[in-house]
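Chains as they are written, first to last, in the working numbering: chain P, 1 to 344; chain W, 345 to 688.
All C-beta atoms, glycine included, are put in the ideal place defined by N, C-alpha and C.
There are 2 protein chains.
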Amino acid sequence: MSLRDEILEQPAAAERQLASSREVIAALVARLRARPVDLVVIAARGTSDHAAIYAQYMLGTVHRLPVALAAPSIVSLYGVVPRFARALVVGISQSGASPDIVGVVEAGRRQDVPTLAITNDPASPLAAAAEYVIDLAAGPEQAVAATKTYSTSLLAIARLSAALLDEPDSLAALERVPAAIERALAVEPEVEQIAAEMAAVDRCVVLGRGYEYATAREWALKLKELARVFADPYSAADFEHGPVALVEPGVPVLAVVPEGVASAGLVELLGRLRERGADVLALSDSAAIRASGRRSVSLPPDVPEWLRPIVTIVPAQLFAYHLTRARALDPEAPRNLAKVTRTR
Amino acid sequence: MSLRDEILEQPAAAERQLASSREVIAALVARLRARPVDLVVIAARGTSDHAAIYAQYMLGTVHRLPVALAAPSIVSLYGVVPRFARALVVGISQSGASPDIVGVVEAGRRQDVPTLAITNDPASPLAAAAEYVIDLAAGPEQAVAATKTYSTSLLAIARLSAALLDEPDSLAALERVPAAIERALAVEPEVEQIAAEMAAVDRCVVLGRGYEYATAREWALKLKELARVFADPYSAADFEHGPVALVEPGVPVLAVVPEGVASAGLVELLGRLRERGADVLALSDSAAIRASGRRSVSLPPDVPEWLRPIVTIVPAQLFAYHLTRARALDPEAPRNLAKVTRTR
């Protein structure tokens with residue numbers, strides 16, 4: 001399957017994820033109810049690290065849990081095992097093969113804290129290391145750039161959160177995610193057109209905030225690995241603490257800005273950036289917000305904020321794919337990269 | 345004082361920091377010994393966020409403490425207060441004025457967990473919110489780009505770690521930091537020459553790993569805010585999970601690579617990047633490692649790994665300053681920026 005096939009397959013992959021992880025999540029939730037945790041430690045790299053950022057907002061906002069994104073090299077380079085105390089230790093890796101991620105989960109297992117692997121390979125070393133294993137069930141991902149393993153990782157995290165809440169509305173909302181992804185895919189023709197217009201772009205800023213910070217990070221990574229664009233992702237707040245100096249006339253600013261608690265401040269920032277000549281592309285479900293960009297892409301309406309990053313990444317993936325082609329690069333063969341990265 | 349004056353003032357600022365924070369650190373250490381914490385939550389943005397990354401390695405490696413870098417917007421945007429349980433909550437901000445950072449520390453205070461402010465303004469809202477206050481005592485920082493407040497923040501964190509350990513060798517090593525910074529400043533002529541040669545650079549990759557990941561992040565931020573370079577910082581491991589696709593002939597790769605547990609893997613990576621045509625600038629205390637770059641800058645020898653980031657940032661700051669001038673930009677007036685950033 002090609003990268004585009006895998007992007008388009010995401011509604012089906014999401015259906016498979018929903019069909020596959022119910023039991024393991026129920027078991028983990030029972031464990032967390034019996035012995036609550038004070039902290040979640042997540043080890044992940046690359047695209048999976050962006051799923052970890054989503055988990056930080058999800059578990060922080062809904063469950064008031066502090067989430068520490070582990071520095072895996074503390075274990076792998078310095079040989080030091082954190083004291084996990086009352087933590088849930090999570091490893092996220094599509095291949096489940098990266099020794100540094102496995103090392104963190106193994107350390108949790110030895111301390112007898114609950115451990116969770118989120119992986120597309122239930123036969124991987126990461127899955128073997130963890131007490132609980134969520135099989136992404138995304139199907140084989142052959143393209144080097146991860147797409148469906150990202151959206152299914154987010155869906156698994158959202159489902160864990162909803163199961164912890166045990167609220168019928170939230171559980172029902174999960175079931176509507178595949179259809180929302182399907183609707184998001186419908187923007188492909190307009191995205192292809194915009195990508196063609198922007199083919200000369202070789203650097204840009206990508207902004208998101210709150211739940212959509214993960215989307216900004218993942219979008220920027222796709223732009224780097226596929227389209228070879230120096231894409232610099234920021235939360236809107238961090239951006240104002242320095243990198244805003246990069247904005248000069250003509251600099252492309254890609255903004256993930258669905259309507260919500262984070263949108264007002266981001267729209268205000270985009271207005272100031274446009275005054276300074278930035279070339280803003282806005283992804284939003286709101287026509288009024290889309291008007292804050294010179295170009296815009298519409299997102300499907302009526303997706304709850306906590307599930308929206310699973311949907312907003314889809315037009316971003318399509319944009320990265322079409323920009324890659326518009327730049328006469330091969331999306332199936334990102335430079336210098338292999339599918340499985342084994343860092344230590 | 346100009347930016348360069350403030351860079352050159354860092355040995356004196358470090359002396360002032362060492363002279364000022366002994367008592368508050370002793371009080372905090374007594375509190376942490378009486379009632380140990382399981383977790384450190386740090387809220388910070390911009391340059392201060394890089395001090396937080398240093399703290400993540402320092403406290404993780406030496407004290408086995410998980411460190412969560414807070415997403416301040418969970419408090420400020422979503423209005424949700426984390427359950428801090430057995431955490432130490434830290435806010436780092438040179439101005440102490442950013443409401444989102446203050447909000448996290450106030451939330452900790454209300455939960456009666458220990459709270460620490462690290463700030464250059466002991467009369468700031470952040471200092472008022474925290475139970476313990478480390479005054480950086482860096483002296484007024486007038487340049488928009490933070491330099492001496494960064495190195496003194498790192499020194500304060502190192503001192504907290506050393507005081508927790510209560511090991512005479514570590515405490516003595518701290519006293520030698522100002523002299524090591526002084527030696528690091530001696531490279532200015534060679535750094536100025538290299539910056540002049542690289543004046544046309546408008547994008548680059550910055551690599552570091554382990555303790556020096558914070559340096560890579562901070563160096564890249566200085567390059568963005570001062571020299572307007574799209575500088576993309578990565579830990580060497582994360583870099584291999586995607587962004588390595590950006591490397592093509594002529595791309596500048598700036599590497600912070602002092603000899604240590606992280607250096608072998610990074611030197612090997614730099615070798616591969618050079619084969620692909622990358623233009624490598626290596627900062628190292630080892631002549632053998634410096635030879636892995638086309639250009640190199642020497643770091644003072646015999647600085648222990650845990651204190652080295654306080655020293656390695658100095659040539660990086662000088663490089664950013666001289667590159668800014670070489671690019672005919674004004675280092676005293678970064679575009680679009682004010683000294684105090686109040687994000688919510």
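List the residues of chain W that residue i touches, going by C-beta distances under 7 Å, in chain order.
i: Gln56(P); result: Ala415
i: Asp232(P); result: Phe574 and Asp576
i: Lys339(P); result: The premise fails here: Lys339(P) is roughly 11 Å from chain W at the closest Cβ pair, so nothing lies under 7 Å.
i: Lys224(P); result: Gly586, Pro587, Ala589 and Leu590
i: Arg203(P); result: Arg547 and Phe574
i: Val261(P); result: Leu421 and Tyr422
Please say whether residue j and residue i have beta carbons closer to each other than 8 Å?
i: Val40(P); j: Val80(P); result: no
i: Glu15(P); j: Pro140(P); result: no
i: Gly108(P); j: Phe84(P); result: yes
i: Leu681(W); j: Gly242(P); result: yes
i: Val401(P); j: Pro258(P); result: What is shown of chain P runs 1 to 344, which leaves residue 401(P) out entirely.
i: Ile310(P); j: Ser151(P); result: yes
i: Arg327(P); j: Ala231(P); result: no
i: Ala626(W); j: Ser607(W); result: no
i: Asp100(P); j: Ser73(P); result: yes
i: Ala502(W); j: Trp650(W); result: yes
i: Leu116(P); j: Leu18(P); result: no
i: Glu6(P); j: Ala143(P); result: yes
i: Gly103(P); j: Val75(P); result: yes
i: Gly554(W); j: Val611(W); result: no
i: Ser630(W); j: Gly615(W); result: no
i: Arg228(P); j: Leu590(W); result: yes
i: Ala558(W); j: His394(W); result: yes
i: Lys224(P); j: Ala13(P); result: no
i: Leu226(P); j: Ala146(P); result: no
Between the alpha carbons of residue i and residue j, how many angstroms are there, rounded?
i: Val280(P); j: Leu269(P); result: 11 Å
i: Gly265(P); j: Arg294(P); result: 18 Å
i: Ser98(P); j: Ile369(W); result: 39 Å
i: Ala184(P); j: Leu8(P); result: 10 Å
i: Val588(W); j: Val549(W); result: 9 Å
i: Phe663(W); j: Pro678(W); result: 16 Å
i: Ala34(P); j: Ala68(P); result: 22 Å
i: Arg620(W); j: Asp302(P); result: 47 Å
i: Glu566(W); j: Ala128(P); result: For clarity, residue 566(W) is Lys in the given sequence; the question names Glu instead. Spanning the two alpha carbons is a distance of roughly 43 Å.
i: Pro315(P); j: Glu541(W); result: 41 Å
i: Ser284(P); j: Leu32(P); result: 36 Å
i: Leu126(P); j: Arg344(P); result: 14 Å
i: Ala137(P); j: Ala71(P); result: 27 Å
i: Tyr665(W); j: Leu174(P); result: 51 Å
i: Ser153(P); j: Leu164(P); result: 17 Å
i: Ile42(P); j: Ala52(P); result: 6 Å
i: Val105(P); j: Ser161(P); result: 20 Å
i: Asp238(P); j: Ala255(P); result: 14 Å
i: Pro249(P); j: Ala278(P); result: 5 Å
i: Gly208(P); j: Ala220(P); result: 11 Å
i: Leu65(P); j: Glu532(W); result: 46 Å
i: Met345(W); j: Asp674(W); result: 14 Å
i: Glu332(P); j: Ser298(P); result: 27 Å
Just the chain W side, please: which residues come within less than 8 Å of residue i by C-beta, in chain order?
i: Arg83(P); result: Asp382, Arg408, Leu409 and Pro410
i: Thr115(P); result: Per Cβ cutoff of 8 Å: no residues; Thr115(P) is ~14 Å from chain W at best.
i: Val41(P); result: Pro410
i: Pro309(P); result: None at all; the shortest Cβ gap to chain W is about 14 Å.
i: Arg45(P); result: Ala581, Asp582 and His585
Identify the contact partners of residue i in chain P, using a Cβ-Cβ distance below 8 Å as the criterion.
i: Ala502(W); result: Simply none; closest approach about 16 Å.
Report the neighbours of residue i on chain W: residues whose CB is nearer than 9 Å to its CB, in chain order.
i: Tyr321(P); result: Those within 9 Å of Tyr321(P) in chain W number zero; the least Cβ separation is about 14 Å.
i: Arg209(P); result: Ser417 and Leu421
Is it buried or exposed, residue i, if we count other Cβ atoms within 10 angstroms and call 16 or more buried?
i: Ala535(W); result: For the record, residue 535(W) in the displayed sequence is Val; it is not Ala. Flag for Val535(W) reads buried.
i: Arg217(P); result: buried
i: Gln537(W); result: exposed
i: Leu171(P); result: exposed
i: Ser48(P); result: buried
Using a cut-off of 7 Å between C-beta atoms, extract the partners of residue i located in chain P.
i: Ile418(W); result: Tyr57, Gly60 and Thr61
i: Asp456(W); result: Going along chain P, no residue has its Cβ under 7 Å from Asp456(W), so there is no contact; the nearest lies around 15 Å.
List the residues of chain B that residue i touches, going by C-beta distances under 8 Å, in chain order.
i: Ala51(P); result: Although the question refers to chain B, the structure presented lacks it and instead comprises the protein chains P and W.
Closer than 9 Å by beta-carbon distance: list the chain P residues that pair up with residue i, in chain order.
i: Pro512(W); result: Those do not exist, as Pro512(W) stays about 22 Å from chain P at its closest Cβ, beyond 9 Å.
What runs of the beta strand (DSSP E), each 3 residues or longer, lie entirely inside the region 45 to 77 of chain P? 67 to 69
Suppose only complete runs of 3+ residues qualify. What are the beta strand (DSSP E) ranges in the region 276 to 307 of chain P, listed by chain order? 279 to 284 and 295 to 298
Mind pulling the beta strand (DSSP E) runs of 3 or more residues that sit fully within the region 125 to 198 of chain P? 132 to 135
What alpha helix (DSSP H) runs, 4 residues minimum, are completely inside the region 218 to 248 of chain P? 236 to 240
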